[in-house]
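These notes concern the structure reproduced below.
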Amino acid sequence: MSIQIQGRVAWVTGASSGIGEALTRKLVAEGWNVAALARSEAPLHTLAGAAPDRILPLVADVRDYAACERAYAQILERFGRLDAVIANAGISHRATVEEVDLSVLREVMEVNFWGAVHVIKTALPEIKRQRGWIVGISSIAGFRGLPARSGYSASKFALNGFLEALRTELYGTGVKVLIAAPGFTRSAIRMRALDAHGRPHGETPLPEEKLMTAEEVAQHIYHAMLTGKKYLLLTTQGKLTVWLHRLAPIFMDRIVYAYFSRERLH
Ligand SMILES: NC(=O)c1ccc[n+]([C@@H]2O[C@H](COP(=O)([O-])OP(=O)(O)OC[C@H]3O[C@@H](n4cnc5c(N)ncnc54)[C@H](OP(=O)(O)O)[C@@H]3O)[C@@H](O)[C@H]2O)c1
7 MSIQIQGRVA
17 WVTGASSGIG
27 EALTRKLVAE
37 GWNVAALARS
47 EAPLHTLAGA
57 APDRILPLVA
67 DVRDYAACER
77 AYAQILERFG
87 RLDAVIANAG
97 ISHRATVEEV
107 DLSVLREVME
117 VNFWGAVHVI
127 KTALPEIKRQ
137 RGWIVGISSI
147 AGFRGLPARS
157 GYSASKFALN
167 GFLEALRTEL
177 YGTGVKVLIA
187 APGFTRSAIR
197 MRALDAHGRP
207 HGETPLPEEK
217 LMTAEEVAQH
227 IYHAMLTGKK
237 YLLLTTQGKL
247 TVWLHRLAPI
257 FMDRIVYAYF
267 SRERLH
């Protein structure tokens, strides 16, 4: 598929760090203009400083639908079109169902599910007009529930269902819908993950330096977009988890429990 990229416009949420920041840099390097949205102003302005004429920083909260609509209006005003929406903004938590406050589960759903719905719903008419791309950054946890991440898993399962339904609605329109599921990726997400009472954990249970980098993830996602893939599963461990779960979901309870049992599960 030969696609003309110069002058195309992408809207990336969660662009102030990690995968969203890496995606923004990758898209700009490939010739795109990017509207980069997050709540933190300073990192967005640093990012935009690298290519002020091509990156539009947008300070907003994806939980706020009206703010997403205002951000979209700013994108059209600045670039005059929108070709791709990448719903990447996300948070996590680590706490069992028994101990977690309900407010934490609701918060995760608000950002990961409703935040993605807000930006996709806002952008959809223009994406259809451009026969463009809708990308949802899901997770391996959107295909296999993970212990102490019930809200996170639920939010990504919900996102997958939403995107699969939307992809089917858009059959034959030329819009490409990609469900991208990174495996464990080096980023701040586990440090920021909420504890049972909604406070950031401030530590990570994983050896971050050994994980796939956000730049590698961005490279894979971009390639999957251009080749019109519908699903992208990343890391060997991630693919194995999804495949084994499809074959033997009950057996996988024991395997997944053993992996996470270094965390206190009960
Ligand atoms: N890292 C992994 O291992 C991994 C694996 C699978 C999937 N993922 C998914 O990849 C996506 C990116 O995560 P990451 O690892 O890059 O984490 P990250 O470095 O913590 O980045 C998360 C981004 O989301 C933004 N964000 C959070 N809440 C927001 C809100 N309410 N409104 C707008 N922006 C918000 C953050 O910016 P502000 O705080 O400035 O708003 C930040 O830019 C998430 O959807 C995550 O679930 C990550």
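Position one of the sequence shown corresponds to residue 7 (the numbering used here), numbered consecutively onward. Glycine included, each C-beta is placed from N, C-alpha and C at the ideal position.
Sheet register partners of residue i (DSSP bridge)
| i | result |
| --- | --- |
| Met-218 | Thr-191 |
| Thr-241 | Bridge partners of Thr-241: none, in fact. |
| Asn-39 | Val-15 |
| Lys-236 | Partner(s): none; Lys-236 has no beta bridge. |
| Leu-33 | Leu-33 pairs with nothing; no bridge assigned. |
| Ala-186 | Ile-143, Leu-238 |
| Val-248 | The partner list for Val-248 (beta bridge, DSSP) is empty, contrary to what the question assumes. |
| Ala-44 | Val-65 |
Residue i (DSSP reduced to helix, strand or coil)
| i | result |
| --- | --- |
| Tyr-177 | coil |
| Asn-94 | coil |
| Trp-139 | strand |
| Ile-9 | coil |
| His-207 | coil |
| Ala-147 | helix |
| Leu-200 | strand |
| Tyr-63 | As written in the sequence, residue 63 is Pro, which differs from the Tyr given in the question. Pro-63 falls in the strand class under three-state DSSP. |
| His-99 | strand |
| Leu-53 | helix |
| Arg-112 | helix |
| Gly-26 | helix |
| Glu-105 | coil |
| Arg-84 | helix |
| Glu-269 | coil |
| Asp-259 | helix |
| Arg-155 | coil |
| Leu-212 | coil |
| Pro-58 | coil |
| Ala-254 | coil |
| Gly-20 | coil |
Whole-Å CB distance - residue i paired with residue j, under 8 Å assumed
| i | j | result |
| --- | --- | --- |
| Gly-204 | Glu-105 | Rounded, the Cβ-Cβ distance is 12 Å, inconsistent with contact. |
| Trp-17 | Val-117 | With a Cβ gap of about 16 Å, Trp-17 and Val-117 do not count as contacting. |
| Arg-192 | Glu-215 | 7 Å |
| Val-15 | Ile-81 | 7 Å |
| Ile-126 | Ala-164 | Incorrect: roughly 13 Å between the Cβ atoms, too far for contact. |
| Trp-120 | Asp-89 | That belief does not hold up - the Cβ atoms of Trp-120 and Asp-89 are roughly 24 Å apart, past 8 Å. |
| Leu-53 | Thr-30 | 6 Å |
| Gly-110 | Ala-101 | The residue you asked about is not Gly; residue 110 is Val in the sequence shown. With a Cβ gap of about 7 Å, Val-110 and Ala-101 count as contacting. |
| Ile-97 | Ile-25 | Not quite, the Cβ-Cβ distance comes to about 13 Å (not below 8 Å), so this is no contact. |
| Pro-49 | Ser-23 | 6 Å |
| Leu-152 | Ser-161 | Incorrect: roughly 12 Å between the Cβ atoms, too far for contact. |
| Arg-60 | His-99 | With a Cβ gap of about 35 Å, Arg-60 and His-99 do not count as contacting. |
| Ile-9 | Val-141 | Rounded, the Cβ-Cβ distance is 15 Å, inconsistent with contact. |
| Glu-36 | Ile-11 | 6 Å |
| Leu-240 | Met-258 | Not quite, the Cβ-Cβ distance comes to about 19 Å (not below 8 Å), so this is no contact. |
Meets three-Cβ-pair contact criterion under 8 Å: the stretch 146-156 and the stretch 121-135: The stretch 146-156 vs the stretch 121-135: no contact.
Three or more beta-carbon pairs under 8 Å between the stretch 179-186 and the stretch 160-170, yes or no? Because the criterion of three Cβ pairs below 8 Å is met, the stretch 179-186 and the stretch 160-170 touch.
Check whether the stretch 69-87 touches the stretch 31-50, taking contact to mean three or more Cβ pairs, one atom from each stretch, closer than 8 Å. The answer is yes - the stretch 31-50 touches the stretch 69-87, with three or more Cβ pairs under 8 Å.
Per the contact definition of three or more C-beta pairs closer than 8 Å, is the stretch 57-67 in contact with the stretch 227-247? Between the stretch 227-247 and the stretch 57-67, the count of C-beta pairs closer than 8 Å stays below three; the two stretches do not touch.
Looking at C-beta atoms only, is the number of pairs between the stretch 218-225 and the stretch 188-196 that lie closer than 8 Å three or more? Taking 8 Å as the limit for Cβ pairs, the verdict is that the stretch 188-196 does touch the stretch 218-225.
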